[in-house]
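Student:
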């Protein structure tokens, strides 16, 4: 029995449902950001973040900063590349466009490799692009929240190391960290940018960025000063190192309550092997996708290899739009998200299946959602005479 | 009787003690950031922010963004001034230095007008500086958290309008909004940058910036694109306008729980006239400062006109450092802050008296703090044989 007030079940691709203990951590009493108790909690949270990314390399460095996930792009764009240098953006939807705008803001020369909606650039296309120009970094969206497309991060990273070893591999993992397999050290990644409110299961308000020793080296030996003050690695690096070494330190006040909530959820997540967590997300995703197919709905991502495991983006039947279906779901206590990709936003809906809704089968969230979807679709079709 | 777990009373210059209802808002169940219920709460919170600043000018615009107070400086430095343009920073301590660094990061040419520790630049000095160069903007720290110095925001703004009317007046109000009088429209200010965790009484994690129509005009007609992506006014302006007009909108996911907490505290604060709130902060501050003087302690700011009303920074008796006194306070259930200004950090301590500790006399926080201070000082002197 949950301690939370009764509410509809939130099954969008983030924010997601919270564990009671995580939410209670948000109501922690007032603390100084430099008091020993809080310093210890923040330091442990940084160490837990390493475990989340399955990283043991001491030269790798996690950053946890007050902000939305978007702030992580500024951290990459203002520290890991300099004005006039080349960046290659693998574009699989809305979030590729935004990353491009962020990189351009700080002066990078961006080349985009765009895939059709629901697809991802092939390794052959990426290899060709990498051979045409010297890129300081390449970015890819692990799971594009707008389309549910899963990119092959491991494969792309291997390719980059073979073809263009000096190019930094930057992953937008906002909608993947905690639900998709990521082996930060083993895959030799340089930065994974994420946020607290998706598969990590914490309320929104934290930008979380994991960086490699190579990335830190790049940031601290650049020719020109970083392009941002608030997102400057030089400003935050000593702070993160001090907190993890149990020493108070100040650049900007950390959001103490959110750090407690992150500490709680990461303690829960890392108490079991990450492989187990990925396996259960895959298993639930497979059953959701089978059920969706049985309802006659097509996914935006047709290729199973390129389908995310923490969400499903599905086209509605011809003649129906999100406002025909979402209220029927809501009536049954379930919240899905409307489409987000500009070109087709009115033609599809998104179902997020991450975190406690997946790992705690006793909640019954997924079964409830699938029943509600079936009924809401039937109702909407009938209302439209389809 | 508080619903919060027993804890020492936090009386530093932010974060501060929370009202129970505010803290309970932090544990709000999961919500979509574009759901009608949340859109309404966020929109109302923006409208309440106008009331906090006593602003009724519809061309003025509040911004509430996931981040620390520091992020507001990036918003100013990357939108309201362009590369190579001049900025005048009135420096009264640690936070003037930081604002200078932030402005320089985005390419402004910064001139600093530095006052000795505990002092503030005089209106005559400021007038002279304004006549020497054309400044795009002037910044001043309303209350410098490192020294407790209060700047004369109204006087400086009047002076600027008379001498250099096109210069934007930018106030760092992180440690003043909610405890010091601010009449945004009447004083004709252009931006006040603040944060959630000081006299506003909300947990940390929100950057709050109030801007004038003139500032918005400057930001949206600049010659070069804004220097930041995450702190870009162009990116956030339509979002804030839409939310306040009850329309969902997306640039980056807002921290939904913190917005609820801010809504709760701003509803409480604005339920009574702001003048009343300022008066009680002044009254409590006067009695704190009288008690401190009775203990034989000198303030960093000797001039009563330049003393903040939400905090008191006091030199320790010769021979004592913060580690001699702060543990004695803690033993008595009270937390003060150590010094922050580099040059004299070991010689003084800071007492924050803001928010519920001031407005809710039943808590007894201030009396408890003054007794604890008296006893801890006596104990420390005795231990040192002073």
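Chains as they are written, first to last, in the UniProt record's numbering: chain L, 1 to 386; chain E, 1 to 386.
Idealized CB from N, CA, C, for every residue including glycine.
Can you name the start and end residues of the alpha helix (DSSP H) that residue 23 of chain L belongs to?
Tutor: Taken as a continuous stretch (DSSP letters only), the alpha helix (DSSP H) holding residue 23 of chain L covers 20–25.
Student: Tell me whether residue 112 of chain L sits in a helix, a strand or coil according to DSSP, three-state version.
Tutor: The answer is strand: DSSP assigns residue 112 of chain L an E or B state.
Student: Please report the straight-line C-alpha distance between residue 56 of chain L and residue 88 of chain L, rounded to a whole angstrom.
Tutor: Going from the Cα of residue 56 of chain L to the Cα of residue 88 of chain L covers about 28 Å.
Student: Give the residues from the segment 35–69 of chain E that approach chain L closer than 9 Å (Cβ to any Cβ), ordered along the chain.
Tutor: Per Cβ criterion, the list reads 35, 65, 66, 67, 68 and 69.
Student: Okay, do the segment 151–161 of chain E and the segment 214–229 of chain L touch, 3+ Cβ pairs below 8 Å being the bar?
Tutor: Contact fails: fewer than three Cβ-Cβ distances are below 8 Å.
Student: What are the residues in the segment 94–124 of chain E lying within 9 Å of chain L by C-beta distance?
Tutor: The segment 94–124 of chain E vs chain L, Cβ under 9 Å: 98, 101, 102, 103, 104, 105 and 106.
Student: Should residue 235 of chain E go down as buried or exposed, given a rule of 16 or more other Cβ atoms within 10 Å for buried?
Tutor: The residue in question, residue 235 of chain E, is buried, as its Cβ has 16 or more Cβ neighbours within 10 Å.
Student: Which residues of the segment 203–229 of chain L have a Cβ closer than 9 Å to any Cβ of chain E? Give them in chain order.
Tutor: The residues in question are 203, 204, 205, 206, 207, 225, 226, 227, 228 and 229.
Student: Suppose contacts are defined by Cβ-Cβ distances below 8 Å. Is residue 205 of chain L in contact with residue 258 of chain E by that definition?
Tutor: Against a cut-off of 8 Å, the Cβ pair of residue 258 of chain E and residue 205 of chain L comes out as a contact.
Student: Listing by chain order, which chain E residues have their CB less than 7 Å from the CB of residue 7 of chain L?
Tutor: By Cβ distance, chain E contributes 29.
Student: Judging by CA-CA distance, which residue of E:127, E:124 and E:150 is the nearest neighbour of residue 181 of chain E?
Tutor: The shortest Cα separation from residue 181 of chain E among E:127, E:124 and E:150 belongs to E:150.
Student: Give a yes or no on whether the C-beta atoms belonging to residue 354 of chain E and residue 115 of chain E are separated by under 8 Å.
Tutor: Contact: no.
Student: Pair every Cβ in the segment 95–103 of chain E with every Cβ in the segment 61–76 of chain E, then say whether three or more of these pairs are closer than 8 Å.
Tutor: The segment 95–103 of chain E is in contact with the segment 61–76 of chain E.
Student: 8 Å is my cut-off, CB to CB: does residue 335 of chain L come that close to chain E?
Tutor: Taking Cβ atoms only, chain E reaches closer than 8 Å to residue 335 of chain L, which makes this a yes.
Student: Assign residue 1 of chain L to one of three DSSP states: helix, strand, or coil.
Tutor: With a pLDDT of 43 at residue 1 of chain L, under the threshold of 50, the predicted position of this residue should be treated as unreliable, and no value is reported.
Student: So what's residue 315 of chain L in DSSP terms, helix, strand or just coil?
Tutor: Here residue 315 of chain L sits in strand by DSSP.
Student: Are residue 84 of chain E and residue 109 of chain E close, meaning C-beta to C-beta below 8 Å?
Tutor: Closer than 8 Å, so yes.
Student: Chain E partners of residue 387 of chain L, CB-CB under 8 Å?
Tutor: For residue 387 of chain L there is no data in the structure shown, the boundaries of chain L being 1 and 386.
Student: Out of E:40, E:312, E:320 and E:272, which has the shortest C-alpha to C-alpha gap to residue 366 of chain E?
Tutor: The option with the nearest alpha carbon to residue 366 of chain E is E:312.
Student: Interface residues of chain L around residue 33 of chain E at Cβ under 8 Å?
Tutor: Per Cβ cutoff of 8 Å: 15 and 204.
Student: Suppose the cutoff is 6 Å on Cβ atoms and the five residues either side in sequence are ignored; what does the same chain contact list for residue 94 of chain L look like?
Tutor: 146, 340 and 341.
Student: Flag this pair as touching only if the segment 253–270 of chain L and the segment 4–21 of chain L have three or more C-beta atom pairs under 8 Å; answer yes or no.
Tutor: Because the criterion of three Cβ pairs below 8 Å is met, the segment 253–270 of chain L and the segment 4–21 of chain L touch.
Student: Whole-angstrom Cβ separation of residue 428 of chain L and residue 170 of chain L, contact assumed at under 8 Å?
Tutor: Past the edges of chain L, shown from 1 to 386, lies residue 428 of chain L, and the structure says nothing about it.
Student: So which of L:64, L:246, L:347 and L:127 has the shortest CA-CA distance to residue 202 of chain L?
Tutor: Residue 202 of chain L has its Cα closest to that of L:64, out of L:64, L:246, L:347 and L:127.
Student: Please confirm whether residue 23 of chain L and residue 4 of chain L have their CB atoms less than 8 Å apart.
Tutor: Yes, the pair counts as a contact, with Cβ atoms nearer than the cut-off.
Student: How would you list, in chain order, the residues of chain E whose beta-carbon sits under 8 Å from the beta-carbon of residue 152 of chain L?
Tutor: Neighbours of residue 152 of chain L on chain E: none; closest Cβ ~26 Å, over 8 Å.
Student: Between E:44, E:176, E:14 and E:172, which lies nearest to residue 31 of chain L when the distance is taken from Cα to Cα?
Tutor: Ranking E:44, E:176, E:14 and E:172 by Cα distance to residue 31 of chain L puts E:14 first.
Student: In this structure, what does DSSP give as the bridge partners for residue 348 of chain E?
Tutor: Note: residue 348 of chain E sits in a beta bridge opposite E:315.
Student: Hey, out of L:334, L:29 and L:163, whose CA is closest to residue 127 of chain L's CA?
Tutor: Nearest option by C-alpha distance: L:163.
Student: Roughly how many whole angstroms lie between the Cα atoms of residue 316 of chain E and residue 322 of chain E?
Tutor: In a straight line, the C-alpha of residue 316 of chain E is about 8 Å away from that of residue 322 of chain E.
Student: DSSP on residue 54 of chain E, reduced to helix/strand/coil?
Tutor: Note: residue 54 of chain E maps to coil in three-state DSSP.
Student: Check the Cβ of residue 256 of chain E against every Cβ in chain L and list those closer than 7 Å, keeping chain order.
Tutor: In chain order: 15, 203 and 204.
Student: At least one CB of chain E closer than 8 Å to the CB of residue 366 of chain L: is that the case?
Tutor: It does not: the Cβ of residue 366 of chain L has no partner Cβ on chain E nearer than 8 Å.
Student: Exposed or buried, which one is residue 245 of chain E when buried takes at least 16 other CB atoms within 10 Å?
Tutor: With fewer than 16 Cβ atoms within 10 Å of its Cβ, residue 245 of chain E is classed as exposed.
Student: Let me see if you follow: with CB-CB separation under 8 Å, is residue 73 of chain E close to chain L or not?
Tutor: By this cut-off, residue 73 of chain E is an interface position.
Student: Please go through the same chain and pick out, in chain order, the residues whose beta-carbon is closer than 7 Å to the beta-carbon of residue 51 of chain E, but skip the five residues on each side of it.
Tutor: So the list reads 270, once near-sequence residues are dropped.
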